[in-house]
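Number of protein chains: 2
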Amino acid sequence: MSELRFDPIRNRWVIVAPERRLRPHELIRPRFLATPDPSRCPFEPGRESLTPPEILRIPRPDGQGWQVRVVPNKFPALRVEGTIERRGYGPYDSISGVGAHEVIVEHPDHDRELADMETWEVEAIFQAWRTRLLDLRNDTRLRYILLFKNHGLEAGASIAHPHSQLIATPIIPEFVTQELAACRRHFRRKERCLFCDVIRMELEHGERIALESPRYVALAPWASSFPFETWILPRTHMHDFAAAPEPELRALASIVVDVARRLRALLDDPPFNMVLHTAPSPHPRPGHPDDWTTLEYDFHWHLEIVPRISRIAGFEWGSGFTINPTPPEEAARFLRDADPDGGTDA
Amino acid sequence: MSELRFDPIRNRWVIVAPERRLRPHELIRPRFLATPDPSRCPFEPGRESLTPPEILRIPRPDGQGWQVRVVPNKFPALRVEGTIERRGYGPYDSISGVGAHEVIVEHPDHDRELADMETWEVEAIFQAWRTRLLDLRNDTRLRYILLFKNHGLEAGASIAHPHSQLIATPIIPEFVTQELAACRRHFRRKERCLFCDVIRMELEHGERIALESPRYVALAPWASSFPFETWILPRTHMHDFAAAPEPELRALASIVVDVARRLRALLDDPPFNMVLHTAPSPHPRPGHPDDWTTLEYDFHWHLEIVPRISRIAGFEWGSGFTINPTPPEEAARFLRDADPDGGTDA
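Taken in order, these protein sequences are the chains called A and B. Residue 329 in our numbering sits at position 296 of the first sequence, and the numbers go up by one each step. Residue 195 in our numbering sits at position 162 of the second sequence, and the numbers go up by one each step.
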């Protein structure tokens, strides 16, 4: 069984998940994606019996099979079964590895990348994300539900078929807590949303704006950790992705596809991560009745897309900050000027 | 000129270093190390004129040339020249990119990996580290000096010749501040060093101990972020690596080589990062007279070695915690049982 462990020195949680892999020879780094060949891929239509039983299915508009499927991860980092036990162990802390780990199979076609998809196809993925978010929020053991996509080997994808993942944890992750705390401090002092302030300033200046649509803005953040890091934010204040109505999801799909196509054209199909940042589940911790349960004012959901073309090295690992060789003002300009249908300019 | 930028939402600094690389086609990920061929390597003996002027040279014991050289990085993330300007920009913060970025050429031989080196050769590297630490601490603009080594492309190395790096920053990096703060809290409450407590407990239990020597212990930390992450700590309390006397450095070199050889045997020459965690420079911030200047009691220097055989993916990027498939108890047992002269057991 996996376990969440807390490091009192680094103030950091880790999931120790021995069920996923174990011995040194299995750790020797893979140089290629598993299942580049659709004939052996467990996510192909017709091979549904190779995955654990389906949690959610979004049918194709023509009624012929599925468009999106959600299944439990076959090698989960955290498991839904069991009760949460919290214990101390000398100076250390541990929580039993209860949570959820699901796979969203995004499309029936093995080779259809995000940048190749139609807007309605990406909208169906976001609908699946929202449905799973709303369902898992009924489980009061789960404090945060993280939705993310890894594209390409260097971004951590181990299967080529287009898919995203959901991991729900019994604690709110550190990075999320920091964002929530920064937003809450700002709101309590100013009665304004920090993200709304950032969006307003960026739209006034323009130099870090990559794309705009009536409902969304895509920008290169001031302190971009990596080259071409891009945030996609709703222009009007909204704390929770799960509360976004249908037209919002269609408009989101549209700008996401546009960003993905421009990144592919500029950076030769880069590996990337796409991560949803949204409000945590509204279950207060025992003894903390107002603990992140009243975020409708001070948080602002958004998507982060991070191409993984520079590497995390010793400096980043020792300091917690990154060295970004591309100023966000340059990245935004390249994205604005890119041809979404173009090849790389290399 | 590069710039340190602070993100108020994520509470995180980034170095934006446009001098290092710029346009999209230059960012497309390299798949091979630069200069695998010694005939084009700038770090070869006889080709010293290809680097900026030498800062430090440790001669070979036989007097024939150098054993270790320290030179400025030709494409520095931060520059020594200039004054530090701190400014605000709407909700953002910025500090001019003043600091230091040096390269420690660790050995005259192009192909000599850490695991191949003699103890005295590694001791010479650590002597160079210490000399540079002590020298740069005279510069009151520099608050922290980070020494680290990247081995292998996946660990961020861009040059094959054995080398390590030094980056000195005008702020104390976030990860360092967190460790210092955790240690100080512990000491103020208990009048004991947190690391000393951890070492004592680990030696009593033994299951996470990888190697022991009279002066050092190598262990797999309780909340290891990555498989086979290994910390090397002095057994007796010492806050500052730069204060370590000669015999300490020789003993350190000995256990580092042993760990490096075992990791190579177990994991087929894995890419890795090695990072020194030591006390910051003893210059208080204006207005904070006791700011990390009295660490002799509560900090404990150590080396962290992190094989990079698992990848940072969307979950890690969104949450700040990692999924580690190898429990540290297993990793320590494999390291204890490994043959330092062996091949991989794959």
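A virtual CB, placed ideally from N, CA and C, is assigned to each residue, including glycine. Owing to the predicted nature of the structure, the values given are computational and were not obtained by experimental measurement.
| Query | Result |
| --- | --- |
| Helix, strand or coil at ILE345(A) according to DSSP, with G and I counted as helix | coil |
| Contacts of LEU299(B) in chain A (Cβ-Cβ under 7 Å) | PRO57 |
| Per DSSP, cross-strand counterpart(s) of GLU240(B) | None; GLU240(B) has no bridge partner. |
| DSSP state of ALA365(A) mapped onto helix, strand, coil | helix |
| Test: ARG38(B) CB closer than 7 Å to a CB of chain A | yes |
| Contacts that ARG295(A) makes with chain B (C-beta to C-beta distance below 8 Å) | Simply none; closest approach about 10 Å. |
| Contact between the stretch 274 to 294 of chain A and the stretch 144 to 162 of chain A (3+ Cβ pairs under 8 Å) | yes |
| Partner residues on chain B for TYR125(A), Cβ-Cβ distance less than 8 Å | TRP255 and ALA256 |
| Three-state class that DSSP yields for LEU296(A) in the structure shown | helix |
| Chain-ordered chain A contacts of LYS182(B) [CB-CB under 7 Å] | GLY347 |
| Under 7 Å from the C-beta of ALA215(A): neighbouring residues of chain B | PRO41, ILE42 and ASN44 |
| is_contact[TRP162(B), chain A] using C-beta, thresh 7 Å | no |
| Assigned exposure category for LYS182(A) - 16 Cβ within 10 Å defines buried | buried |
| CA-to-CA distance, PHE228(A) to ARG225(B), given in whole angstroms | 42 Å |
| Collapsed DSSP secondary structure at MET307(A) in the structure displayed | strand |
| Of the residues SER246(A), LEU37(A), ALA251(A) and ALA293(A), the one placed nearest SER129(A), counting alpha carbons only | LEU37(A) |
| Those runs of the beta strand (DSSP E) which lie wholly inside the stretch 158 to 224 of chain A and span at least 3 residues | 177 to 184 and 196 to 202 |
| Contacts that HIS143(A) makes with chain B (C-beta to C-beta distance below 7 Å) | Here the premise fails: no neighbours, minimum Cβ distance about 20 Å. |
| Cα-Cα separation, LEU180(B) to SER197(B) | 7 Å |
| Of the listed residues HIS184(A), TYR177(A), THR355(A) and THR359(A), nearest to ASP324(A) (C-alpha basis) | TYR177(A) |
| Any C-beta of chain A under 7 Å from that of GLY375(B) | no |
| Beta carbon of GLU329(B) nearer than 7 Å to that of VAL308(B) | no |
| Coil, strand or helix - GLU81(A) by DSSP | helix |
| First and last residue of the uninterrupted beta strand (DSSP E) at LEU336(B) | 335 to 340 |
| Three-state secondary structure assigned by DSSP to ALA27(A) | The first residue shown for chain A is 34 and the last is 379, placing residue 27(A) beyond what the model contains. |
| Cβ of ALA50(A) within 7 Å of any chain B Cβ | yes |
| Interface flag, THR263(A) vs chain B, CB-CB below 7 Å | no |
| C-alpha gap between TRP264(A) and ARG366(A), whole angstroms | 15 Å |
| Interface flag, VAL103(B) vs chain A, CB-CB below 7 Å | no |
| Contact set between the stretch 75 to 99 of chain A and chain E, restricted to residues whose Cβ is under 9 Å from the partner | Here chain E cannot be found, since the structure's protein chains are A and B. |
| Closest Cα partner of PHE354(B) within the set ASP144(A), VAL103(A), ASP149(A) and ILE204(A) | ILE204(A) |
| C-alpha distance - GLN160(B) paired with ARG43(B), whole-angstrom precision | 37 Å |
| Spatial neighbours of ARG295(B) in its chain, beta-carbon cut-off 7 Å, leaving aside the 5 residues before and after | LEU368, ALA371 and PRO373 |
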